[in-house]
Amino acid sequence: MKKIHLYTVVVFLLISLSTQAQREAFNWFYGSGQGITWNRTQTFEAYVMNAPHRKVQLTGIPTRYEPVSERPEMFPMSTREGCFTLSDPSGNLMFYSSGSTIYNRNHEVVPGATDLEGNYSAAQAGFVIPYPRHRSQYIVITIGTATDTTSGFAYSILDSEANGGAGGIVLPKNRQFTFPPGTVKENFSESLMATRHANGLDYWIVAVDRAGRLKPSNLVAWLVTEDGVSNTPVVSEIPNLKMSATERAYGYLKISPQGDHFALMLHEKDDFLWGEFDNETGVFSNMNHYRAFIPYARPVFQTYGGEFSPDGKYLYISTAATGGTNIDSEIIAYVFEFEKLLQGDTRILKTYRTSTRIGWPGAMQLGPDMRMYMTMMRSSNINEPVTSLMYMFETPNEPLTTQIYALENLSPGTGNSGTPEQGGDGISGTRLGLPTFASSFFLGFDGPSTLCVGEEAVFVLNTNSSYIEVDFGEGRGAEIIPSARELRHYFKKPGNYLIRVRPLDTSGQPIPEEEKSVYTVVYSCYLPVNHNLKNVEY
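First residue of the sequence shown? That's 108 in the working numbering, and the numbers climb one at a time after it.
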C-alpha cells in the first residue's frame, strides 16, 4: 500500500504578469533588416543637427537587438513603411511584422502567420495589443494600402504559447470587422491606431473610413474586451472633409498617450486633422483640419508622420516639403501647441530645419525613454546604398529648446534583406516607417495590469516634480511622497484598483490636469486545499 502525501501549496495564477514596469515598446524592428532594443543601452557618438561636424557622446541610446558578433546578418523583415512590434511587460521580444507575415523572438515565421491582410507599403501596416484577460493571447490588426486590392483590413488572434512557444494563429485568421451600415471594407486603408479604454483594461481600435467624395468620411472605433472585438463600432463623422479610398491621403493616425487627443496626417492633401477623443465612449469630437485655415496665410506642407509629446501638450509633424514634393526638403518637421489647435489657432510653434538637404522625413515615434525618434530616408533609388539614419528629439516636452541629434547606423549588419516580404528590396537601412504601438504604452505612468496578493507591484513614473500625491485605490485616501522613478506597493486584498498619481507644483499643490492613472487587478492566487486529505491510500 503506497501513500501520497498532499502538502498545502501556494500556486500563483498563470495570468499574473510581471510586476516590472510594462516594456511592450522596448524592441523595435523596422526598415530593411533593422532591429534595436532598450534592454541594453549604450553611449553613442551622434551628430548635432545643423552642426554635422560637431560630435557628442549620448547615453541611454538603444543598441542593435542582437550584437553583430552574435548575428552579423540583417534581420529578416523588410518594409518600406508600415511595421509593428510587441514585447512582453518585462521587455522580452515577442513578435514583429510588416503586415502580412509575423516573426517571433527567434526571427522565425510564426506558424500560420502568413498572408495576413496587411501591406508593407501602408503607412501603418498594423499593430498588436494584448487580448484583455486572455493570458497568452494577442489581437493582431492589419491594414493594407489604398491601391492594393489583395490587402485589406482584418484581425487575427495570436497565441504566444502555441507550438512550444513559437506562437501560432488561432484559426480562423483574417477575421472581419463589423462595419457601420453603408460602409465597406475597401474604405479602410493606410492608417489605424489603438489606445487603452478609460477602464485601463480594454482597448480601442481606431481606423479611418474614407467614404468617398459624395459621403462624409468617419473615424470608426471598435472596443476590444475579454469578449473580443465589438460588433457595434462607434462612428464619428469628420466635418467638412471628404476623402476617397483611392486618394493618396495616406499618413499616420496618432492618439496622445493620455488617450484624449488625436491627429491624422493626410500627406498629399497637404493637410492634417485633429481633435479630441473620449476613451470611455470612443467618440471623436471638436475636429478640424489644417487646410480650412489656409486662406489665413498658413503655409502649405505635406504631412506624413506625427507624434504627441509625452505630456500630450504638443503635436509634432514630419513633412516632406514646403508647398511641393521635393524629397530633399530642408524643413523636416513642425510642432504645434495642441490646446491652441483645439481653439482654432494654427500658428506653428516652431519649424525644424536642417542645414543641408539630406532626404525625406518619415515616421515619428516616442521611445520607451520618452525621447522622440524620426526616420530619414536618404535615397529613393533602391540601387543606391542607404545609410541607416534617425533623428532623435531629446526632450519633446520642451519643443522650443529640445536638442536634435542624428543617429547613424544603430543597427548595422551584413548583406541585405532580399525582396519585400521575402527579405527586403536589395538594400538595408532605415526607410520611412517605425513600429506602431498602442499610444497608451507611453503614458508616463505604468505598471502591472494583473498580479497576486503578496506580489510586489512596481509602478514607473516619469515626472519632473519633486513630490507627488499618490492614491493606491485601497480606500485610505491619497498621500504626498517624494517623487521617484519607481513606486513599489503591496496589495493586501484581491480586487480592482485604480492607482492615481498627481504631481505637485512648486507651491505644493496638486496639478489636476497632469493626473495619471493605471488600473490593476489583484487576484488571491491561492488554490483551495482540503486539509483533511493529507494522506491518501490506494
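Ideal placement from N, C-alpha and C gives every residue a C-beta, glycine not left out.
Other residues of its chain near residue i: CB distance less than 8 angstroms, five sequence neighbours each side excluded
{"i": "residue 425", "result": "410, 411, 412, 413, 439, 440, 468, 469, 470, 471, 481"}
{"i": "residue 302", "result": "310, 311, 313, 362, 366, 384, 386, 545, 546, 547"}
{"i": "residue 216", "result": "208, 209, 210"}
{"i": "residue 84", "result": "Limits of the chain in this structure are 108 at one end and 645 at the other, which puts residue 84 out of reach."}
{"i": "residue 597", "result": "561, 562, 563, 564"}
Burial state of residue i (16 or more Cβ within 10 Å)
{"i": "residue 648", "result": "With the chain running from 108 to 645 in the structure shown, residue 648 is simply not present."}
{"i": "residue 158", "result": "exposed"}
{"i": "residue 325", "result": "buried"}
{"i": "residue 463", "result": "exposed"}
{"i": "residue 237", "result": "buried"}
{"i": "residue 315", "result": "buried"}
{"i": "residue 334", "result": "exposed"}
{"i": "residue 164", "result": "exposed"}
{"i": "residue 134", "result": "buried"}
{"i": "residue 459", "result": "buried"}
{"i": "residue 562", "result": "buried"}
{"i": "residue 418", "result": "buried"}
{"i": "residue 144", "result": "buried"}
{"i": "residue 555", "result": "buried"}
{"i": "residue 455", "result": "exposed"}
Whole-Å CB distance - residue i paired with residue j, under 8 angstroms assumed
{"i": "residue 231", "j": "residue 297", "result": "7 angstroms"}
{"i": "residue 517", "j": "residue 212", "result": "Not really, about 20 angstroms apart at Cβ, beyond 8 angstroms."}
{"i": "residue 503", "j": "residue 421", "result": "7 angstroms"}
{"i": "residue 300", "j": "residue 250", "result": "About 11 angstroms separates the two Cβ atoms, so there is no contact after all."}
{"i": "residue 537", "j": "residue 495", "result": "4 angstroms"}
{"i": "residue 373", "j": "residue 358", "result": "6 angstroms"}
Between the CA atoms of residue j and residue i - distance to the nearest angstrom
{"i": "residue 204", "j": "residue 559", "result": "33 angstroms"}
{"i": "residue 173", "j": "residue 543", "result": "21 angstroms"}
{"i": "residue 515", "j": "residue 179", "result": "17 angstroms"}
{"i": "residue 279", "j": "residue 253", "result": "24 angstroms"}
{"i": "residue 206", "j": "residue 344", "result": "27 angstroms"}
{"i": "residue 168", "j": "residue 162", "result": "15 angstroms"}
{"i": "residue 567", "j": "residue 553", "result": "5 angstroms"}
{"i": "residue 323", "j": "residue 287", "result": "13 angstroms"}
{"i": "residue 307", "j": "residue 160", "result": "46 angstroms"}
{"i": "residue 153", "j": "residue 338", "result": "49 angstroms"}
{"i": "residue 318", "j": "residue 291", "result": "8 angstroms"}
{"i": "residue 54", "j": "residue 234", "result": "Residue 54 is absent from the model: the chain starts at 108 and stops at 645."}
{"i": "residue 311", "j": "residue 189", "result": "20 angstroms"}
{"i": "residue 398", "j": "residue 378", "result": "6 angstroms"}
{"i": "residue 241", "j": "residue 557", "result": "11 angstroms"}
{"i": "residue 580", "j": "residue 506", "result": "35 angstroms"}
{"i": "residue 591", "j": "residue 541", "result": "31 angstroms"}
{"i": "residue 62", "j": "residue 274", "result": "With the chain represented from 108 up to 645, any question about residue 62 goes unanswered, as that position is not in the structure."}
Same chain only: Cβ atoms within 6 angstroms of residue i, ignoring 5 sequence neighbours per side
{"i": "residue 500", "result": "479, 509, 511"}
{"i": "residue 387", "result": "305"}
{"i": "residue 220", "result": "209, 276"}
{"i": "residue 285", "result": "338"}
Chain-order list of residues whose beta-carbon lies under 7 angstroms from that of residue i (same chain, five-residue window excluded)
{"i": "residue 490", "result": "At residue 490, the pLDDT of 45 sits below 50, so the modelled position is not reliable and the matter cannot be decided from this model."}
{"i": "residue 332", "result": "239, 309"}
{"i": "residue 364", "result": "415, 417, 419, 546, 547, 549, 550, 551"}
Contact between the stretch 222 to 231 and the stretch 251 to 268: three or more CB pairs below 8 angstroms?
-> Proximity of the stretch 222 to 231 to the stretch 251 to 268 meets the contact definition, three or more beta-carbon pairs being nearer than 8 angstroms.
Are the stretch 264 to 271 and the stretch 235 to 251 in contact at 8 angstroms, needing three or more beta carbon pairs?
-> Enough Cβ pairs lie closer than 8 angstroms, so yes.
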